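Numbering (mature numbering (1 follows the signal peptide of the UniProt record, and there is no 0)), first residue to last: -26 to -1, 1 to 962. Have a look at the structure below, then the notes.
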Amino acid sequence: MKAPLMGLQLLFFSVTLMVSLQLSTSYNNEVSLKLNDDVLGLIVFKSDLHDPFSNLISWNEDDENSCSWKYIKCDSTNKVIGISLDSLGLSGKLNRGLEKLENLQSLSLAHNNFTGNISPQLSRISTLQKLDLSDNKFSGRIPVEFNLSSLKFLDFSKNSLTGEIPDSLFQDCLSLSYISLSENLLEGLIPYSLQKCVSLANLNVSNNHLSGTIDFANGIWKLRKLRTLDLSNNGFSGFIPIGVYVLHILKEVHLQGNQFSGSLPGDFGLCPHLTHLDFSNNLFTGTVPNLLQRLKSVVFFSLSNNKLTGGIPKWISNMYSLQYLDFSSNAFSGNIPASLGDLESLNYLSLSDNQLSGSIPKSLFELGLKEVDLSRNQLTGSIPPGSSRMFDSILALDLSQNKLTGVIPVEMGLSSHLQYLNISWNELHSTLPLKQGYFRDLSMLDLRNNAIYGSVPGDLCESKDLAILQLDGNSMTGSIPDEIGNCSSLFLLSLSNNSLHGSIPKTLSKLTKLRVLNLELNELTGEIPQELGGLNNLVAVNVSYNRLTGRLPSGGIFTNLGSSSLQGNLGICSPLLKGPCKMNVSKPLVLDPDSYNNQMGGAGGGSNSRPRYSESATSRQRRFFSVSAIIAISAALLIILGVVVITLLNVSMRRRLAFVDTALESMCSSSQGSDISSAGKLVLFDSKSSEDWDHNAETLLNKASEIGRGVFGTVYKASVGGQGRCVAIKKLVTSNILPNPEDFDREVRILGKMKHPNLMTVKGYYWTPRLQLLIADYAPNGSLHSKLHERSPSSPCLSWPNRFKIALGTAKGLAHLHEAFHQPLIHYNVKPSNILLDENYNAKLSDFGLARLLTKLDKHVISSRFQSALGYVAPELACQSIRINEKSDIYGFGVMILELVTGRRPVEYGEDDVVILSDHVRVLLEQGNMLDCVDPSMNEYPEEEVLPVLKLGLVCTSQIPSSRPSMSDVVQILQVIKTPIPQQMEAF
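Shown next as structure tokens:
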């Protein structure tokens, strides 16, 4: 310590000498001025700072005192008592110059870029009462020597402090009334010594890595002056005991984002001044305690993302001050109480993702609500028409994924400020309530998967802010209006799976902000307008399964558009597509073969005019009879030919089916013995595919080979058809499989109807009482698992473009399973061995929906069947009372992403330890060395894509299910990663 002290003394001496010399020169040695310690300390403090905007230019060492300097406050004796340098862009480290300020009471350096450790010397300024170092870049541990004896206000929030909170920090804290350590990297327990801070009114340790149980009874409950308690977003666990009623003046409680369990602490209802109560994102169970109805002053109340049951209490209306109410993502059942309509101050209401039933109370739509979310329930009936009060206030309305019927109320279009409207996945039979002046401020409209009919309105873009328009899966007809080009803010346009016809309008080329264009599964004709090639922001286009022909646009995304986005059209010209290429050119001119003779006859003299006229009439008559005869003969021949063909096809089909039955029986009996019944049934969903099964029977028998084993059975590769086309045949394990052929047929047919470019197509099945087979397409590039972990040294590794394509394709396939059906279809077993790759490395998700073939799906079945998915199973599946949802798939997808980028397995065993991939990547992220985990076999990759993909994987593997994004969000995030959103779209 001597060297730094000596250096500091030399610095003080040199500054003193310089100032003394200048003063003696200025005043000709007429006066002798004593050096001002405040000026000296501040000049020394400034010497280690970087001041890019010259905010401290007024700090001049020539001044007699510093009271005239900006950001400085002095008392009546010209002593510095306050320094406030908030938000000045300052950087550098804190030196010991501030120790010279013997009267300093307040020091605030918030919202700057200070670095280094926090020095314990600051706490040794005996007069210091307020210290605010928040929102900087301080690092290291909180000093054990830090003394709070004189401090009343301490804020270290929003830095990068690490380690545990030292127990010594609260040994002498009698004066402390406010402390915030939030948004750091602190870990461990809350020190037991905290109970000594008897004057504490505000405690905030949120957004850290703190964990363990909290001794509320002997700790926090003894802080009788506590008004704000924030423990949110840590890893605290355990029960919250009774006794909170002693905190009579408590106003705000933030416990969200932890792992607290047990019943909700009803004693909070005895705190009459509570205004803010947040229990969300925990593991609370049971019903809502009746004691909470005493909270007359609470304005914010959230219980979302827990495991609460029972009904929504009718007494909730007793909380008449409520402005924000969120009971989403629980297991609440029963009806929505009409008494909610008595909450006159309510602005925000979310009851989404529960098991609520019945109709929507009309009283709700008579309030002045700003945001309403009732999605993902079992609500029935019609949408209430609403009131003028609602029209004037509502900003966001989400009624998606219910069972609502009827029409979309015309009154809804009168909402003058509505920005977000989602009524998708219901059973509404309605036209779009769009008239001039409706939905003027709308930015997002989602009406997917209803029975909306009629045409797409031309005045849809009355709102110039419309950014997302999704009308997929309805019964809309007519053409896409040219006026769609007026939607200048469109970011996503999706009109797929309707009955739209006509051409794609050229006016789409005006949508310069468009990123996603989905028009698949319609009846659109003509060419894709060449002008669309100028949409440089497009990152996803799908026009498959229409009647489009001709050339693709020559620019933009269309130059690299994959076959899955184009397939199923009449004749689009693309090297990626097989089949005819039909160009839209003018029809050739058809000449009358007799016109030349007619012209020649008309050129002769008048004496021959009459005979020529008679001959011409006879000629026309002969042509008439010849055409009629041709038509009649052709019709007769077609009828005869049709009868013959149908007869032959019937005979051939019977032979084929009998032959395939025998072939399949023989193929399987060769490996399975004599346990197969002869009473087999082959069902092929596509009649065209059955033509392939009558050729190469010996190939099917002799060359069928095992290519993999999975949770649900063994997979064989078999070659069929004259061209050697391959299929995959999965022999299902018989345990727990539906034994009734009718039930089995119904469920497999449902799987066969699940069409998506990133789902493996189920082509049919074979059934006997003791054997069940599924027939699917064959993926020539095998599984992702084999490409990552079973690659021979001579084989090339997966390139980054292919890895990204696989991640995006898998995300699209899962999003389709989660969102394309009224109830999400959960995969249960997302891992690389179930991600197959076609010839172009497009991902094909397999084994989806096979859980539907089980007679029961309980905890035991999941545990026994998915042991092979070690590392991919979401942690919540270990809970006995778990309510399984799509979030478990998202966890497996997140692990797959990390595996895809790193090339490592999700769990690796060393000699002395076990490495969990997600934990390994997370540690490297915190250390700033995230690129160290990228697969070394990838020689080239763009960091601007790899890093956000890794971070997305970590978000998807969050321990808290509700913190994981939806798969549709993942798809959009990946699309944006590939082509970053322009700055003007970031606000949206």
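C-beta atoms are modelled at their ideal positions from N, C-alpha and C, and glycine is treated no differently. As the structure is a computational prediction, the values presented were derived from the model and not from experiment.
Asked	Found
Classify Gly380: buried if its beta carbon has 16 or more other beta carbons within 10 angstroms, exposed otherwise.	exposed
Looking at the secondary structure, which residues open and close the beta strand (DSSP E) in which Lys47 lies?	Ile46 to Cys48
What number of angstroms, rounded off, separates the C-alpha of Ser940 from the C-alpha of Glu119?	46 Å
Three or more C-beta pairs under 8 Å: does that hold for the stretch 171 to 179 against the stretch 142 to 152?	yes
Considering only their Cβ atoms, is the gap separating Lys44 from Ser32 smaller than 8 Å?	yes
Is the beta carbon of Ser97 sitting closer than 8 Å to the one on Ser58?	no
Indicate whether the contact test is met: 3 or more Cβ pairs, each with one atom in the stretch 713 to 726 and one in the stretch 766 to 779, closer than 8 Å.	no
Using a Cβ-Cβ cut-off of 6 Å (strictly less than) and excluding sequence neighbours within five positions of Asn91, which residues of its own chain qualify?	Gly114
Compare the Cα-Cα distances from Ser942 to each of Leu540, Ala789 and Lys705 and report the closest residue.	Ala789
Whose C-beta lies closer than 7 Å to the C-beta of Lys438 among residues of the same chain, with five residues either side of it excluded?	Ser462 and Ser463
Do three or more CB pairs link the stretch 418 to 435 to the stretch 478 to 490 at distances below 8 Å?	no
Provide the residue span of the alpha helix (DSSP H) that contains Asp141, from first to last.	Run containing Asp141: none; DSSP gives neither H nor E here.
Roughly how many whole angstroms lie between the Cα atoms of Val517 and Ser453?	15 Å
Please tell me whether Ser528 and Pro503 are closer than 8 Å, where the distance is taken between their beta carbons.	no
Have a look at Ser307 and Phe234 and give me their C-alpha separation to the nearest angstrom.	23 Å
If we call anything under 8 Å between Cβ atoms a contact, is Arg350 one with Asp327?	yes
Could you check the C-alpha separation between Ser50 and Ser40 for me, to the nearest Å?	13 Å
Go ahead and pull the three-state DSSP assignment for Arg95.	What sits at residue 95 in the sequence shown is Gln, not Arg. Residue state, collapsed to three classes: helix.
Taking Gly56 as the reference, give the member of Met870, Lys67, Leu75 and Arg70 with the closest Cα.	Leu75
Does Trp774 come out as helix, strand or coil in the three-state DSSP assignment?	helix
Can you give the Cα-Cα distance for Leu244 and Lys225, rounded to whole angstroms?	12 Å
In angstroms with no decimal places, state the Cα-to-Cα distance between Thr533 and Met734.	26 Å
Which same chain residues, not among the five before or five after Gly500, have their C-beta less than 6 Å away from its C-beta?	Ser477
How many angstroms separate the CA atom of Leu343 from the CA atom of Gln297?	9 Å
Please name the residue, chosen from Val889, Leu30 and Leu493, that lies closest to Asn520 on a Cα-to-Cα basis.	Leu493
When you compare each of Arg896, Leu200 and Leu762 to Arg879 by their alpha carbons, which one comes out closest?	Leu762
Rounded to whole angstroms, how far is the Cβ of Phe242 from the Cβ of Leu266, which I believe are closer than 8 Å?	7 Å
Residue range of the alpha helix (DSSP H) that His183 falls in?	Careful: His183 lies outside any alpha helix (DSSP H), inside the beta strand (DSSP E) at His183 to Gly186.
Once the 5 residues before and after Glu385 are set aside, which same chain residues still bring their CB inside 6 Å of it?	Pro359 and Gly360
Going straight from the alpha carbon of Pro754 to that of Leu811, what length do you get?	7 Å
Go through its chain and collect everything with a Cβ distance to Val625's Cβ below 8 Å, but skip five positions before and after it.	Legend: pLDDT at Val625 = 39, less than 50; position of this residue unreliable, value from coordinates given subsequently. Around Val625: no qualifying Cβ.
If I'm right that Leu474 touches Thr451 with Cβ under 8 Å, what's the distance once you round it to whole angstroms?	7 Å
Does Ile546 come out as helix, strand or coil in the three-state DSSP assignment?	strand
Can you tell me where the beta strand (DSSP E) holding Tyr202 begins and where it ends?	At residue 202 the sequence reads Thr, which differs from the Tyr that was named. That run of the beta strand (DSSP E) goes Thr202 to Asp204.
Name the residue from Leu148, Pro117, Gln169 and Leu122 whose alpha carbon lies nearest to the alpha carbon of Gly137.	Pro117
For Thr499, does the three-state DSSP call read helix, strand or coil?	strand
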